[in-house]
Amino acid sequence: MYLYLPVALTSINILIPVGLGLAVGLLSGLFGVGGGFLMTPLLIMFGIPATVAAATDSNQIVAASTSGTYAHWRVGNVDFKMGMYLLIGGFVGGLFGVQAIKILKATGNADFVIKMTYVLMLGIVGTYMFIESLQSIRKAKKGDDAHSSESSKESAFGRFLKSLPLQTHFEKSGVTDSLLLPLLFGGFVGVLAAIMGVGGGFLMVPVMVYILRMPMHVVVGTSLFQILFNCIEVTFLQAYTNHNVDFILAVLLLLGSTVGAQVGAVFGRKLKGEQLKIILAIIVLAVTVKIIFELTLSPSLMLSQAGGH
Amino acid sequence: MKVRTEKLKVAAFLLFCAAALLLYGSSALAELTINANHDHINIDFFYNGSTVSVSGVSDPDVDLIVKISSADGHEVLKQKGKVAGILWMNVGTLEFKEAPNFYSVHCTKNIEDLLDKGEADKYVLGYSALERHVEIIPASKEEEKDRWFNEFVKYKESSKLYACSVGRLSAQSKGAKGLYYIKLDWPYQAAPGDYIVNVYAVKNKKVIEKAETKVFVEQVGIVKRLSEMAKDNGAIYGIISILAALGAGFGVGLIFRKGGGSH
């Protein structure tokens, strides 16, 4: 059955957005990412204008991340305190990122910088997570001997982090970190996310795992919590200033994504943290390879709709 | 004698009138007409495009061209190019001026064989004439304009907004008149608005007659209300979208909890 989308001005078979929502919602519940880096290009592929695809995706992420946050909160996997500091950092970083985009557009280098930032960030994060999780899985298989060497390796970096001021204990995550860390790294992700035009979940998750040393299951819930607030803000701004949110498309997407997020959260509890990390790393690397192909293969169309990144 | 002359005069007058009527009648039979079976397309919730049949009567020994187009507009598109010799990315924008958003031309023979250049340009018939009509900024050189116009057509054809065909328009003689007919798929990508449907009768490389009708495409019902709200009440529309998403997220969460998915 087809439905007409009043803002996208196009018609779509309802199975497509519901199916996409289900798949991306599943990833969201599993890994704590919004999935914009997957969903937006897929929607464009199915004929949704780029600007509407990005804006509407943020609306459906509100639903998926509400569903996912709720599922993770029920089992005590959301660190609201850490989430709030990351949100503040992300918000300020986002403001800087928007200014950076304005400057880049004025100099005419925007597309090059955005694409390169995207490829580099996805590539570095994906590769690092993949290698690290693989090593952890191997060590876990070998036995407990590895744990002692790992903890001694961690202590060097740990000492530096402990020397930072404003040390605070985050009960839910069971970690003590300087308040500066979530603020600074939240800000850093905010800048990059604004430049790339994405929510930044795939960057925030590694920051929480590797810098803030939070347990993977709490990372997923907390990431979804801060994604929820980011996407509420983006949805409102997109609807108010650009009129690009397609309500019907968002409803179709969220029909799938809210259910997918719940299923993902249930599955996630059955997987180990290392397994979750390595699967996310493989997805991130697959997206990197796809973007590299897009950049190097001759496009079938040399013109595309203006607007968006 | 005088009465006979009068009678003859009356007879001659009647004969003249009959001949004039006959002549008028025969030309009226062949007068070009146009009719679109579906001249008001409503875009409702379940709209997935439509079909439009264009038919009419023509002189039997003319060739025909049917053109459906929207008003000329301007469009800004991103232009892809190579950066550093290997990477394809957007390198700038191109502005297409005087270009209709929708352009669909169908003829009985190749347009280049049917019309001379001046005549094709006058009525903007065929891609070559459209290329001369459209202004592409900043592609000023002929070669560059030609390349980007072809890319523009490819882009438009990929979303079914541009089409050109030869032979799909069927024309047949029936007595002293010709009948023509074409059935077209109306793409859902065609935006709401007025579309002009023209038929041109062509003889000796000139347009000798032309007829016109319109197709109105309009959003109705919930589609129209949502579209208007998105444009006119962005803030309320945004808040409703957010609340709906929050409600759906919580709702599904509660359903799953009731379903026993929780710990």
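If you're matching them up, the sequences are chains A and B in order. When we follow this note's numbering, the leftmost residue of the first sequence carries the number 1, and every step to the right adds one. When we follow this note's numbering, the leftmost residue of the second sequence carries the number 310, and every step to the right adds one. Each residue gets a CB set at the ideal place from its N, CA and C atoms; glycine is no exception. Note that the structure is predicted; figures quoted are calculated from it, not measured.
Exercise. Can you tell me which of A:D246, A:V209, A:V259 puts its alpha carbon nearest to the alpha carbon of S133 of chain A?
Key: A:V209
Quiz item: Going along chain B, which residues have a C-beta under 7 Å from V98 of chain A?
Solution: What V98 of chain A touches in chain B: nothing, since even the nearest Cβ is about 18 Å away.
Quiz item: How would you write the range of the alpha helix (DSSP H) that P49 of chain A sits in, first residue to last?
Solution: That residue, P49 of chain A, is in no alpha helix (DSSP H); it is neither H nor E in DSSP.
Practice problem: Out of B:V375, B:G558, B:E444, state which residue places its alpha-carbon closest to the alpha-carbon of L403 of chain B. | Solution: B:E444
Exercise. Flag R74 of chain A as yes if its beta-carbon sits less than 8 Å from any beta-carbon of chain B, otherwise no.
Key: yes
Quiz item: From V462 of chain B to S378 of chain B, what does the alpha carbon distance come to, in whole angstroms?
Solution: 14 Å
Quiz item: Which class does Y356 of chain B belong to by DSSP, given the choice of helix, strand or coil?
Solution: coil
Quiz item: For K523 of chain B versus D348 of chain B, is the C-beta spacing smaller than 8 Å?
Solution: yes
Quiz prompt | For S479 of chain B and E340 of chain B, the rounded distance between their alpha carbons | solution = 18 Å
Quiz item: According to a CB-to-CB cut-off of less than 8 Å, which residues of the stretch 535-550 of chain B neighbour chain A?
Solution: L535, S536, A539, K540, G543, A544, Y546, G547, I548, I549, S550
Quiz item: Can a CB atom of chain B be found closer than 8 Å to the CB of K115 of chain A?
Solution: yes
Self-check item: Proximity to L297 of chain A [Cα-Cα], best of B:S437, B:W397, B:L386, B:M538
Solution: B:W397
Quiz prompt | L330 of chain B burial status per 10 Å Cβ neighbour count (16 or more: buried) | solution = Model confidence at L330 of chain B stands at a pLDDT of 44, short of 50, so the residue's coordinates are unreliable; what they give is reported in the following sentence. L330 of chain B should be labelled exposed.
Quiz item: Any idea if T56 of chain A is buried or exposed, counting beta-carbon neighbours within 10 angstroms, 16 or more meaning buried?
Solution: buried
Quiz item: Beta-carbon of R441 of chain B versus every beta-carbon of chain A: anything under 8 Å?
Solution: no
Quiz item: Taking Cβ positions, are P501 of chain B and I352 of chain B nearer each other than 8 Å?
Solution: yes
Quiz prompt | Cβ neighbours of S151 of chain A in the same chain (closer than 6 Å, five flanking residues each side left out) | solution = At S151 of chain A the pLDDT is 49, less than 50, meaning the model places this residue with poor confidence; the figure from the coordinates comes in the next sentence. Closer than 6 Å at the Cβ level, and outside the excluded window around S151 of chain A, lies no residue.
Self-check item: Option nearest Y85 of chain A by Cα separation, candidates A:S11, A:I278, A:G34, A:T222
Solution: A:T222
Practice problem: Could you tell me which chain A residues have their CB closer than 7 Å to the CB of G382 of chain B, listed as they occur along the chain? | Solution: Neighbours of G382 of chain B on chain A: none; closest Cβ ~14 Å, over 7 Å.
Practice problem: Starting from K463 of chain B, find everything on chain A with Cβ-Cβ shorter than 9 Å and list it in chain order. | Solution: S300, L301, M302, L303
Self-check item: Per-residue contacts from W397 of chain B into chain A (C-beta, under 8 Å)
Solution: E294, L295, T296, L297, S298, P299
Quiz item: Along chain B, which residues have their Cβ under 8 Å away from the Cβ of V251 of chain A?
Solution: A553, A557
Practice problem: Output yes or no for whether 8 Å exceeds the beta carbon distance between L386 of chain B and L303 of chain A. | Solution: yes
Self-check item: Collapsed DSSP secondary structure at K139 of chain A in the structure displayed
Solution: helix
Quiz item: Are S28 of chain A and L228 of chain A touching if we call contact CB-CB under 8 Å?
Solution: no
Self-check item: 8 Å Cβ cutoff, F247 of chain A in contact with chain B
Solution: yes
Quiz prompt | Close Cβ partners of G358 of chain B (< 6 Å) along its chain, the five nearest in sequence each way excluded | solution = W495, P496, Y497
Quiz prompt | Local Cβ density within 10 Å of I545 of chain B, reported as buried at 16 or more and exposed below that | solution = exposed
Quiz item: Does the stretch 70-78 of chain A come close enough to the stretch 257-265 of chain A to have 3 or more Cβ pairs within less than 8 Å?
Solution: yes
Self-check item: C-beta neighbour in chain B for L3 of chain A, strict 8 Å
Solution: yes
Self-check item: Reference M214 of chain A; option with closest CA among A:D111, A:L164, A:V287, A:V175
Solution: A:V175
Practice problem: For K469 of chain B, collect the residues of the same chain with a Cβ closer than 7 Å to its Cβ; drop the 5 residues on either side in sequence, then sort them by chain order. | Solution: P496, Q498
Exercise. May I ask you to verify whether the stretch 40-47 of chain A touches the stretch 1-19 of chain A, counting CB pairs closer than 8 Å and requiring at least 3?
Key: yes
Exercise. Report yes or no: is there a C-beta of chain D within less than 8 Å of the C-beta of S467 of chain B?
Key: Any reference to chain D falls outside this structure, whose protein chains are A and B.
Quiz prompt | Alpha-carbon spacing of I279 of chain A relative to V219 of chain A, whole angstroms | solution = 15 Å
Quiz item: Would you say T235 of chain A faces chain B, with C-beta separation under 8 Å as the test?
Solution: yes
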